[in-house]
Amino acid sequence: MAEALIPAAELSKPGADSAAAAGAMEKSDFEVVPALNLGDLDITTDEFILDEVDIHIQANLEDDLVKEALRTGVDLRQYSKQVETELQRIEQASIKDYIKESQNIASLHNQITACDSILERMEGMLSSFQSDLSSISSEIQTLQQQSVSMNLRLKNRQAVRSQLSQLVDELVVPSTMISVILDSPVTEQEFLEQLHELNSKINYAKELSFRETLACSDIQDIVDRLKIKAVSKIREFILQKIYSFRNEIMDVFLVICRFFYQFLLANERTVAKEIRDEYVDTMSKIYFSYFKSYSGRLLKVQYEDVADKDDLMGVEDTPSLKSRNTIFTLGQRGAVLSPAELEGPILIPHAAQRGDSRYPYETLFRSQHYALLDNGCREFLFLSDFFMVAGNSALDLFNSIMGKTLSMFLKNLSTYLSDCYDSIAVFLCIHIILRFRAIAAKRNIPALDKYWEAVLELLWPRFELILEMNIQSIRNTDPQKLGVLDTRPHYITRRYAEFSSAVVSINQTFPNERTIALLGQLQVEVENFVLKMAAEFPSRRDQLIFLINNYDMMLGVLMERAADDSKEVEGFQQLLLARTQEFIEEILTPPFGGMIAFVKESEALMEKGQLDKLRTDEARITQLVRAFSSSWKQSVEALSQDVMRSFTNFKNGTSIIQGALTQLIQYYHGFHKVLSQPTFRSLAVRSELINLHHLMVEVKKHKPNF
């Protein structure tokens, strides 16, 4: 903005006009007023917004003082001058007040100066304190570092102290240990304790020698000498125990000597191997001698009368075979498989000889192998624990001890089986082995597994061979060479029934498919034999009686031991039912054959709708009705007596009579039904028919009770 020249005199002349003002601009008393930067109030700038000026003007017009001035018409120049005068007056009054209060102001200035001095001194003190604090913080850090360093040194010294303490303890050989190892018997508890300590020091010395610890050499000599002395005493003690070995001290031996062997194994393997080899050799001889003697003495109490190659199921019943009635019969022999007897006490041969007792082979076999099982399990556990072996190593060690004994058992069994024809004895031995194998597996003892398999490989083929010999003997049987014909059960079928029920009952626990197949073959041959024998009878009635008696006998024997749903039981039930039904028809035919034939013929014609063909048979019907009414009671009585005489099993005979009477009532009911048809309804003879209900009541009186 350019400078403006304002006449100072005109400022005090409110009424001057513009011309005077213009002339005054040329006078010398002009004052030079510097240009002012009014900022936002400069209305000459381009940026000034007129809208905002209007807003300010409007706001000022709203002021009360401006309103009053405008209302009263006050001259603004005059009013401005009054305001200026008032301001000058107030300024003069204010100056006077300042002069009046000058003392106080000076005093205030002095006080401020004094405060400033005090604050300056305090600033100096605080600066000094801050410096002191910095020094203290540095000292604290130093102390903290020293504390950490001391703590670390303490931990290191404690760790070193612990290691050095253990080292010193292990390196020191107390005089007590020396005296006990040298002088005390190995059976003393004190010796065992000091031996543990010595073993610990030996192991520690070995560990230190690997680290090249110099202190180890200070005690090595004395430790080695104590070790040699201990090994010598232990070796002498264990060998002495082995030489005087008995089974009853085995557990004591284990308790006392187990750590001794462990000590030898760790410190003197040569002596440990010597101990082990001596034990194996001694125990092998002991077991072999014991079982050889025991097996030989057992054979002295075996039954002398045993089956031979001619004692087969299909041979003729001779006196010698009758005396050996247990060849095909299980009887009480199966008790050997009961839990109480299977794991019962073994036989004492000399006690049995004193009592003149005799036993079948399977009983001796059970006693011998239970002794083997018991001793074998204990020996295997002892070897695993004492000699610290497992897996194949334990099995090899066990076999080195028991191998000779087991080979003897297999040889003796093979010799016996080569001349054995007692199939039940062999089969019982098979199941004894199967059960003993299960017991060993339950005890988690695998040592005898291969032996069990070897025994079964001997027993199964022999059993199958004997069974096949019996099958062949029945197949080759000639009925004409077996003596007088008899409708009662044949001795060959009884042998089969007893034998089959025995094998089936034993085989239920451990089923064997090969055995089941052989029994099936045997059953087929027996059925064929029964049919061949029945064919020898001249009449069909006797043939049926023979078949029913034999089927009933075999079924009864089988059901005593075998399950009701077994293949053998079901097969003979079907055969018995079929032959019984045929026999009922056979015995009803003589007294009631005419009526039965008429009923069957009439029912066939009724189905075809041709019943009128019989309309001319009135005489026949009359004869049938009157004949039945007059003789049925006598015929039923005779039939009942004949049946009871024909069958050895009264229960079976009673069942047949009941079946026959039931069938008779059914035929008579059919007779009634036929005569009630329109074709015969006009026959007068119908009034002579017996009431069906009355007939049933009368028939019940003829049913025998047994």
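Numbering-wise, the sequence shown is residues 19 to 724 according to our numbering. The beta-carbon is built from N, C-alpha and C at its ideal position, and this holds for glycine as well. Remember, predicted model here, so these are calculated numbers, not experimental data.
- By the Cβ test, the region 347–362 is not in contact with the region 535–548, since fewer than three Cβ pairs between them sit closer than 8 Å.
- When secondary structure is reduced to three states using DSSP, Gln-320 falls in the strand class.
- Taking one beta carbon from each stretch, the region 309–316 and the region 472–481 have fewer than 3 pairs nearer than 8 Å; the two do not touch.
- Cβ contact annotation for Ala-325 (same chain, cutoff 7 Å, sequence separation greater than five): Arg-342, Ile-345, Tyr-439 and Asp-440, in chain order.
- For Phe-517, the uninterrupted alpha helix (DSSP H) run begins and ends at 509–525, by DSSP.
- Excluding residues up to 5 positions away in sequence, Asp-403 and Phe-404 lie with their Cβ nearer than 8 Å to the Cβ of Arg-276 in the same chain.
- By the beta-carbon neighbour count (other beta carbons within 10 angstroms, threshold 16), Thr-381 is buried.
- DSSP, reduced to helix, strand and coil, places Tyr-469 within a helical segment of the structure shown.
- By alpha-carbon distance to Glu-588, the top candidate from Phe-445, Thr-194, Tyr-569 and Leu-679 is Tyr-569.
- Around the C-beta of Phe-610, 16 or more other C-beta atoms lie within 10 Å, and the residue is accordingly described as buried.
- DSSP, read as helix, strand or coil, puts Tyr-439 in coil.
- Residue burial annotation: Glu-475 is exposed, with fewer than 16 other C-beta atoms found within 10 angstroms of its C-beta.
- The C-beta distance from Ser-491 to Val-333 rounds to 6 Å, short enough to meet the 8 Å contact threshold.
- Here Gly-349 is exposed. Its C-beta has fewer than 16 other C-beta atoms within 10 Å.
- Every alpha helix (DSSP H) stretch that sits fully inside the region 653–723 and reaches 4 residues is listed by chain position as 668–693 and 710–718.
- Of all C-beta pairs linking the region 595–609 to the region 677–690, three or more are shorter than 8 Å, placing the two stretches in contact.
- Burial state of Phe-147 is exposed, judged by a 10 Å Cβ sphere holding fewer than 16 other Cβ atoms.
- One thing to note: Ile-419 has its Cβ no nearer than 8 Å to the Cβ of Ser-584.
- The beta carbons of Leu-216 and Ile-199 sit about 6 Å from each other, so the pair counts as a contact at 8 Å.
- The beta carbons of Tyr-297 and Tyr-377 sit about 35 Å from each other, so the pair does not count as a contact at 8 Å.
- By the neighbour-count criterion, in which 16 or more other beta carbons inside 10 Å mark a residue as buried, Lys-669 falls on the exposed side.
- Residue Arg-512 holds the alpha-carbon nearest to the alpha-carbon of Met-572 among Arg-512, Thr-160 and His-690.
- Out of Met-406, Leu-413, Ala-408 and Leu-283, the CA that lies nearest to the CA of Gly-394 is found in Leu-413.
- Thr-205 is the residue among Thr-205, Ala-132 and Ile-113 whose C-alpha sits nearest the C-alpha of Gln-258.
- Annotation: Ala-370 to Ser-197 spans about 56 Å, alpha carbon to alpha carbon.
- Looking at the DSSP output, Tyr-377 shares a beta bridge with Gln-320.
- In terms of Cα proximity to Gln-641, the closest of Met-662, Gly-612, Glu-619 and Val-661 is Gly-612.
- Non-local beta-carbon contacts of Ser-673 in its own chain, meaning distances under 7 Å to residues more than five positions away in sequence, are absent.
- DSSP, reduced to helix, strand and coil, places Arg-633 outside both helices and strands of the structure shown, so it counts as coil.
- Between the beta-carbon of Ile-450 and that of Val-354 there is about 7 Å, and that keeps the pair under the 8 Å contact cut.
- The three-state secondary structure of Arg-506, taken from DSSP, is coil.
- Contact between the region 614–622 and the region 648–662 is absent, with fewer than three C-beta pairs closer than 8 Å.
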